[in-house]
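Protein chains in written order, with the numbering used here: chain A, 1 to 724; chain B, 1001 to 1724.
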């Protein structure tokens, strides 16, 4: 699987202009060989046709983290350059063809809710809500990673169509033909030896990211776009969104109830009704429901709670900035609100001036940016025009990214970190501190999305909104508490964590674990930022995990399967959290489940017992806790004591550090002030937490600062050896 | 509803160049007013941007039937010309905006399987199989008809996106804004006053068809594209398709079983295995299964049976025409077969020379053209190239039309009519003698498709393939026997009409009615050809039918309906057949059903009893026959005697002519040789069948030739007054 392990330590610079290219050759229908240029260590670019005016590079939050990339070192170009082709057809459509091994598996292509392996399906990538149409999704990132240890980004903001392992050119080496009437093994989608992609554009850049492992590919991709977001520490506490028509009084009563009932809470989210008008939006506080917003936010701050505000981009004539914004809006309305063109600096300034004054300056911590993805019949049409001349297509593919960019820069100027939600994103967005969410609500699909998000440089929250049964309520809460953002979204249901009394205990336990995991999770986000490693990851990114699609052969059925197509059986229901933990949630209806363990010994998180080694185990259903498994030598730093708010992490906080297995090991612990961007000026520290086996068979532990200048905030470290 | 009833009898000619147009005006974002030119009576054209190289006009089977159009007379332009706008955006995307009344209902947009009224949804029209993706379907005709009595064709073969009543421009008159948090009546899709549409192209022609009634609109559209096909008489008998690996012996045994068991049969369809190789195809007879094709087809002809051959376009290297075709194939394979570019005359000639020699000359009657619609992951990709320079997009939108054109012309040269099946079609295809079919298999959806087909100039067969229960088996058989093509497609199942013994009687009765209806149905197809009236029609085309969408208000549900969207409740489960009959099939699970009766009295076909007048009636379930209702004064010519084959219509055939109701009436009966194109040289006859009330209250009947030169073929006419 990992053919090309090349380690090198030379440091590249971003302007490195690469190797001499072979003379371009041409195929029978005029495709030309691509010319590759290395633009960073293990990252190459090729341009087909004209350079596009705007790319994902312009939409990124930060410059490439060259230091992190340099540490990863150089690598060989991962496939045969002679077998890479491009073409601009009739001056209107650009296509690219790259080689693909016959058994290679293709992952990524954005926030997908079905399957992992994309091979054999066609994806027309388009920003959209999730309605089940292949390729249309909240983050249609045109980036794929293969199990052969490399990745490719098509750096275009156009609608792009992907054919991973689909479609054979007549000048390719074709697989054997079978007569469908008489021969077994006829394929509805014949095996192909290429990934092809195309879009209606006069040119396109293609960027290749080397491994050697799939995780290294993702790390290079993330680092190239600035590294993942280091979210504020409070962002890793529990979030709760109140009903849409809530008022300052009802919200205050609700948050006090959390404290009274002993449930964790860090962030309170206000839904549309915080505004004077919504759908379209005023962005101004409702004088009826929030007559004194400054006092309200301040009272939340006093409780160590952050306030997050729902918005969508569509401006009401009742907004105080409507008249100022009008010259910068597009031809069509959305919900009868005008649509700002945020490619224009003046439009961004009108918005951020308003938000700073009315929201940030009184303590608002961030936003939930809704409906930047689009459902066709409420969004602008594909022929809408915008004052900047940006096409409706480009605008739709990038609106969420531009909103994230605008909000992120606004907070950065105040040297205050934010964490929020967004419903539309795309390539290059790795560094934005936003989690994606959806109206879609299938629990298994939510977990699949969590896995796929990690392959596309975005974060995803499988938010809990409601449940049909007590059991489902607990299982969904467990999942979201072990995800990038732990949130109950009660905008429509008005539910509270304690709404189902019978399972109060299990719900409280899941939420409290969220807070106890803070040292481990915060470190995982720091690694996302500095090293590009996603804090929550698909199993295919885990070394020692053997990814098999295990497609089931199709059975001919004149009504249900007339082409006898195979049924994909990817493992999509388990994932990695941080360095060492495998999460395998249960779903409603489960009586047991399989867990696929990568190579090495794995231990039950709660008991420390060995559960298996590089095998598929079956575990019986239990409701009390979400199943967690720790790899051999895993070291897990937790808060020593239960807490309901992440402010429990303060100077002198006691840690419990768990060790699993019979071998030594080490991990890192990250620390900084948790709220500002001072870490960009080196105001952070890394600690090594190590366990070494001594000569007499006992374990020796150590905690050593390895780098950084930030003061030590944690106090006593209590080691707990779970496997004895 | 019908505001603009204008009758005029002046005869237009196709080169009429129209009226002086008002000076173009411009909207805020650069849309320009359209300039309309009348190109035929009640038909106008406007061009936005550049003229496209190929349009639906080039794909039509025949020239406009100017005689039929002249008879319809002139009409006023149906909406405000000043309110029609177009634009080419950035030189890449062309958009059009036309006015739409606030309560106007929009029908059509091709072979759709859901709903009738298209208002409020976005359709990205694209040729495809039916996978439930809005706008993707076997015949994505960009033509709509409104209940205000006009229609519009966007005469482009590009992928086009339609926004019927969706999307408000900011310079439109907007409906009242509502605050979603506090006000009732907020709309997820705000009412709009326009139809907008757009495609990636540098220009587009728009064609408007006047009414005054919706049926007149459809008639003008069909006549403009040559009128509907006058199918051969045998095409209206029963069709049976045999299992894919059938041989001459097994087919012969099977057809003899039809005769032995007294089941009707006119056409036998051979599936892929008749060929030496299939998927990809050789188009050559299998030497194993059909060693003597000439003798086989001849033996079928002796039995008065026609032979129809399944094909798809993708050529196997094993085909005898493979090497000849190679220079004319596209860049990509489909199922490893090469894809001929039939825009090239040489490619068409290679195919038709082969087919004439090997199929037509030995008596083959037609084809089933499969898989010209496409499923993305087996068709050519959107960047495939073709030797003619035709784009992959244009090729996909028109492949089915070009195949129909090629086959139709081939039969026309032999002065032999054909009737076949095709899985992809599009605008302008009215005159092609092909019924569309689908792998999709929902019975209700099949009936909805039958209705929608009539709004887009195509024919549809709700073929029966299998059924879960005896009851469903009968109900599906009844439906298909009252459709444009009565066919059992047993390619995968191997079923026969008698496969479910318990319901042999009901199945036989439905099939025998099909044959008895031959005079009525053949006349309906003649009217399709000469007058443009579809033989099977949506209720919205019936005068006196009040079409209400009756959308149900949506209920907010955080998981299932977060935008509280309305649920569409169109009537899609009944349709008109010929002049006077309303068909209201039952569906599995029905215990009763509603039937919406247009204005006037309606009578039960079987009993002659009055059932209602312009009202919704409820009928209890019965299995014996499909519910049929006849309008006041309806006259229905049938074969007098049961028959199993349409060859029963021969010189001297006895007719039974039924009359329904208490009023007189009249209808037409068409006659010709049933198989050749001699009718194009006036070798046909029309008869008036009339019933008049006499002074003493009895009925007087008459049968008079009204036009034409063909000999009278029918013999005795037995009148039957059903309502007594």
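Cβ atoms here follow ideal geometry from the backbone N, Cα and C, with glycine treated the same way. Just so it is clear, the structure is predicted and the values come from calculations on it, not from any experiment.
Original post:
Mind pulling the chain B residues with CB within less than 9 Å of residue 441 (chain A)?
Top reply: 1558, 1559 and 1560
Original post:
Nearest to residue 1683 (chain B) by CA position, among B:1707, B:1692, B:1231 and B:1250, is which residue?
Top reply: B:1707
Subject >> DSSP-derived helix/strand/coil call for residue 1271 (chain B) >> reply: coil
**OP:** Measure the Cβ-Cβ separation of residue 489 (chain A) and residue 506 (chain A) and say whether it is below 8 Å.
**Re:** no
**OP:** Could you please give the first and the last residue of the uninterrupted alpha helix (DSSP H) stretch that includes residue 473 (chain A)?
**Re:** 470-481
Original post:
Does the beta carbon of residue 133 (chain A) come closer than 8 Å to any beta carbon on chain B?
Top reply: yes
**OP:** May I ask you to list the residues that DSSP assigns as paired with residue 1605 (chain B)?
**Re:** Answer is none; residue 1605 (chain B) lacks a bridge partner.
Original post:
How would you list, in chain order, the residues of chain A whose beta-carbon sits under 7 Å from the beta-carbon of residue 1377 (chain B)?
Top reply: 120, 121, 122, 166 and 189
**OP:** With 7 Å as the limit, tell me which residues of the region 334-363 of chain A have their beta carbon closer than that to any beta carbon of chain B; keep them in chain order.
**Re:** 335, 336 and 338
Subject >> Any C-beta of chain B under 8 Å from that of residue 491 (chain A) >> reply: yes
Subject >> Partners in chain B for residue 244 (chain A), counting only beta-carbon separations shorter than 7 Å >> reply: 1181
**OP:** Measure the alpha-carbon distance for residue 554 (chain A) versus residue 158 (chain A) and round it to whole angstroms.
**Re:** 35 Å
**OP:** With a floor of 4 residues, list each alpha helix (DSSP H) that falls wholly inside the region 1335-1365 of chain B, ordered by position along the chain.
**Re:** 1345-1358
**OP:** Less than 8 Å between the CB atoms is what I'm expecting for residue 598 (chain A) and residue 213 (chain A), so what's the real figure, rounded?
**Re:** Wrong, their Cβ atoms sit about 12 Å apart, outside the cutoff.
Original post:
Can the beta-carbon of residue 1337 (chain B) be found less than 8 Å from the beta-carbon of residue 1315 (chain B)?
Top reply: yes
**OP:** Taking only the alpha-carbon atoms, compute the straight-line gap between residue 1556 (chain B) and residue 275 (chain A) and give it to the nearest angstrom.
**Re:** 20 Å
Original post:
Should the region 1507-1524 of chain B be called in touch with the region 1636-1651 of chain B, which here means at least 3 C-beta pairs below 8 Å?
Top reply: yes
Original post:
Under a Cβ-count criterion, where at least 16 other Cβ atoms within 10 Å of its own Cβ denotes burial, should residue 1534 (chain B) be classed as buried or exposed?
Top reply: buried
Original post:
Would you report the Cα separation of residue 1570 (chain B) and residue 43 (chain A), rounded to the nearest angstrom?
Top reply: 55 Å
Original post:
Grouping DSSP H, G and I as helix and E and B as strand, with all else coil, what is residue 632 (chain A)?
Top reply: coil
Original post:
Exposed or buried, which one is residue 1183 (chain B) when buried takes at least 16 other CB atoms within 10 Å?
Top reply: exposed
**OP:** Pair every Cβ in the region 645-660 of chain A with every Cβ in the region 704-720 of chain A, then say whether three or more of these pairs are closer than 8 Å.
**Re:** yes
**OP:** Kindly say whether residue 1196 (chain B), judged by its beta-carbon, lies nearer than 8 Å to any beta-carbon of chain A.
**Re:** yes
**OP:** Closer than 7 Å by beta-carbon distance: list the chain B residues that pair up with residue 725 (chain A), in chain order.
**Re:** An answer regarding residue 725 (chain A) cannot be provided, because it is not within the stretch 1 to 724 covered by chain A.
Original post:
Of the residues that make up the region 1463-1490 of chain B, which ones have a beta carbon closer than 9 Å to any beta carbon in chain A?
Top reply: 1465, 1466, 1489 and 1490
Original post:
Below 8 Å between beta carbons: does that hold for residue 405 (chain A) and residue 669 (chain A)?
Top reply: no
**OP:** Kindly indicate the opening and closing residues of the alpha helix (DSSP H) around residue 1247 (chain B).
**Re:** Careful: residue 1247 (chain B) lies outside any alpha helix (DSSP H) and carries neither H nor E.
**OP:** Assuming residue 1342 (chain B) and residue 1420 (chain B) form a contact by the criterion Cβ under 8 Å, report the distance between their Cβ atoms to the nearest whole angstrom.
**Re:** Contact flag wrong, Cβ pair sits at about 16 Å.
**OP:** Give every residue of the same chain whose Cβ lies closer than 6 Å to the Cβ of residue 245 (chain A), excluding the five residues on either side of it in the sequence, and list them in chain order.
**Re:** 273
Original post:
Is there at least one Cβ from chain B nearer than 8 Å to residue 710 (chain A)'s Cβ?
Top reply: no
Subject >> Close Cβ partners of residue 207 (chain A) (< 6 Å) along its chain, the five nearest in sequence each way excluded >> reply: 45, 153 and 155
Original post:
Under 8 Å between C-beta atoms, does residue 1308 (chain B) make it to chain A?
Top reply: no
Original post:
With 16 other CB atoms within 10 Å as the buried threshold, where does residue 711 (chain A) fall?
Top reply: exposed
**OP:** Please go through the same chain and pick out, in chain order, the residues whose beta-carbon is closer than 7 Å to the beta-carbon of residue 1101 (chain B), but skip the five residues on each side of it.
**Re:** 1148
Original post:
Which ranges would you report for the beta strand (DSSP E) in the region 1111-1155 of chain B if only whole runs of at least 3 residues count?
Top reply: 1123-1127, 1143-1146 and 1150-1154
**OP:** Could you have a look at residue 21 (chain A) and say whether DSSP puts it in helix, strand or coil?
**Re:** Reliability of the predicted coordinates at residue 21 (chain A) is poor, the pLDDT of 38 falling under 50, and the value obtained from them is presented with this limitation in mind. DSSP places residue 21 (chain A) in coil when its eight states are reduced to three.
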